[in-house]
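Before any comments, here is the structure.
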Amino acid sequence: GVFDSALVQDMAAGDRHSALLDQAGRVFLFGSDSHGQLGTGIAFNRSHAASFAPRLLTSLGEESARYSMIFLGYDHTIVFGNLKNRSSPSWSAGMKAWGFGSNEHGQLGSAGSQLTAHSNPIPRRIATPGNDTWVTGCAGNFHTLLLDDDNKLWATGHNSYGQAGVLGKPTMIASTAQMYKVGSDLNYAREIIGELESFTSQDVTTFACGGDHNLVLTGSGKLWSFGINDLGQLAREENLGNANANEVREV
């Protein structure tokens, strides 16, 4: 596909890579490809370390997609779109999500054997056991948040500061490596044993990812925050000046 800047309708920037979405639902990526974050389908080597011009995202195998959203983390990429199998004439009713790039902290939502910590240049679908349709999302440095059709928020990735919104034993869940509902409480075996009901019982209306923290607004009008708070970015007073984890709490 030929890139035309006049057709760009959305854009996103990671640490050292960039993405553009055009009016035809195509995604173009450029910049560093050190972790496969350009989705070229080519394993990393020095001859493919970067792209200096927008490159069309095409590596979906037997599937094709009409993209509508793009989110870039530090060195990973999340794209949303409607799916069509090449043997089917119709597009999926709901949006699907794909992730590619670094999965060092599980930010692509899977611990499967198809994903490596360093480089994942082939887009992989992001899903939970009961859902593979998403409404919107965002990407932090090394974590990802996705909103499902029921307006519930899910997260995966780095959680050392509590930025994946998962409660439990921090040393056991520094990286979640699969999608969990924000507010889930995990035991040593990473099984869900409870939820922060005051948060999970409410619909999420909007949310935003920082590098290592997040803000969430629920349908009741309440503002919630979680993640690092060393400089007061959670609008809360606990753990100012340190890098301790902060769980999901109302501001």
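Counting from 1, position 9 in the sequence shown corresponds to residue 541 in the working numbering; the numbering is continuous, with no gaps. Glycine included, C-beta positions come from ideal geometry on N, C-alpha and C. For clarity, every value in this text was computed on a predicted model and none was experimentally measured.
Kindly list the residues whose CB is nearer than 8 Å to the CB of residue i, restricted to its own chain and excluding five residues on each side of it in sequence; keep chain order.
i	result
S600	L553, G557, F612, G613, N614, M627
R657	K628, A629, W630, D664
M543	S550, A551, L552, L553, I602
M711	G641, I658, A659, T660, L678, W686, A687, T688
W756	F731, L747, V748, L749, T750, V780, R781, E782, V783
R768	S757, N761, N778, R781, V783
N774	D762
With 16 as the cutoff for other CB atoms within 10 Å, does residue i come out buried or exposed?
i	result
N652	buried
V783	exposed
G764	exposed
T738	exposed
I725	With a pLDDT of 47 at I725, under the threshold of 50, the modelled position of this residue cannot be trusted; read the value that follows with caution. Classification for I725: exposed.
K684	buried
N617	exposed
P621	exposed
A597	buried
G546	buried
E770	exposed
What does DSSP give as the partner residue(s) for residue i in the beta ladder?
i	result
Y599	G613
K628	G613
M543	L552
E769	DSSP, once it has assigned bridges, lists no residue as partnering E769.
K713	W686
L588	F560
W623	Answer is none; W623 lacks a bridge partner.
E782	W756
S583	G563
L763	In the DSSP output, where bridge partners are listed per residue, L763 has none listed.
S707	H690
G633	H608
L640	BP columns for L640 are empty, so no partner.
L570	According to DSSP, L570 bridges with nothing at all.
By Cβ distance, which residues of its chain are closer than 6 Å to residue i, with the 5 residues on each side in sequence left out?
i	result
S634	H567, D607, H608
V540	L552, D554
S624	N614, L615
G743	G672, N673
D735	N683, G751
V667	L679
Since I believe residue j is in contact with residue i (beta carbons under 8 Å), could you give me their beta-carbon distance rounded to a whole number of angstroms?
i	j	result
A696	I610	14 Å between Cβ atoms; not a contact.
N691	S707	7 Å
L592	S583	Actually they do not touch by this definition, with Cβ atoms about 18 Å apart.
Short of 7 Å in beta carbon distance, which residues of its chain neighbour residue i, apart from the five on each side in sequence? Order them along the chain.
i	result
V534	none
(request) Taking only runs that begin and end inside the region 726-754, name each unbroken beta strand (DSSP E) of 3 or more residues, in chain order. (result) 736-741, 745-750
(message) For a minimum of 4 consecutive residues, which ranges assigned as the alpha helix (DSSP H) are wholly contained in the region 651-686?
(response) none
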